[in-house]
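The sequence shown: position 70 = 70 (UniProt numbering), numbered continuously.
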Amino acid sequence: MSPVKTRKQNSRNLPSIVWGPTCCSNDKISGDVINLPELFVGDWLKIHDTGAYSMSVASHFNGFSLPNVHAFIRKEDVFLDPISIHTKPGPFPLLSSSIR
Numbered sequence: 001m002s003p004v005k006t007r008k009q010n011s012r013n014l015p016s017i018v019w020g021p022t023c024c025s026n027d028k029i030s031g032d033v034i035n036l037p038e039l040f041v042g043d044w045l046k047i048h049d050t051g052a053y054s055m056s057v058a059s060h061f062n063g064f065s066l067p068n069v070h071a072f073i074r075k076e077d078v079f080l081d082p083i084s085i086h087t088k089p090g091p092f093p094l095l096s097s098s099i100r
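Printed below as a string of C-alpha cells:
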C-alpha cells in the first residue's frame, strides 16, 4: 500500500493502520501496522495486488455504496506468458496439453 501522491518530498514514514469507512470490525484494510508517509483527508492510497479480494468483500453495510475502482497498470509491469494449446482434437485441449 502506498500513496498515489506524496505531499512532501522528504516526509517521514509513520506507523499506520488503515481502516475502511464503516464501523465494522472486519473493515481493517492494512492487516498489520505498516509505514506510510503523513496522509491527509482526501489523499488516495494504492492497494497493490488485491486480486479477487477487492470487490468480492465490498458491502452495502450501514448504507455505503460499492466503491469506484481505479486500476493502475504500468507498462513495464505487464507480462504475457504464452500458452501453448494442444492441436489434437478433444473436449479439453488445455488440460490434455498440460498432462503430456
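Quick reminder that beta carbons are idealized off the backbone N, C-alpha and C, glycines included.
Are the segment 52-66 and the segment 32-44 touching, with three or more C-beta to C-beta distances below 8 Å? The segment 52-66 is not in contact with the segment 32-44.
Which class does Asn-13 belong to by DSSP, given the choice of helix, strand or coil? Strand.
Drop a sphere of 10 angstroms on the beta-carbon of Leu-36, count the other beta-carbons inside from all chains shown, and report buried for 16 or more, exposed for fewer. The residue is buried, with at least 16 neighbouring Cβ atoms inside 10 Å.
What is the C-beta distance between Val-33 and Ile-17, in whole angstroms, given that I count them as a contact (C-beta under 8 Å)? The pair is a contact, with the Cβ atoms about 6 Å apart (cut-off 8 Å).
When DSSP builds the beta bridges, which residues end up paired with Pro-3? BP columns for Pro-3 point to Leu-45.
Does residue 102 come out as helix, strand or coil in the three-state DSSP assignment? Beyond the ends of the chain as shown, which are 1 and 100, falls residue 102; an answer cannot be given.
Please state whether DSSP places Asn-62 in a helix, a strand or coil. Correct three-state label for Asn-62: helix.
If the criterion is Cβ atoms closer than 8 Å, does the pair Lys-8 and Trp-19 meet it? No; because the gap between Cβ atoms is not below 8 Å, this pair is not in contact.
Out of curiosity, what's the CA-to-CA distance linking Ala-58 and Met-1? Using only the alpha carbons, I get a separation of about 18 Å.
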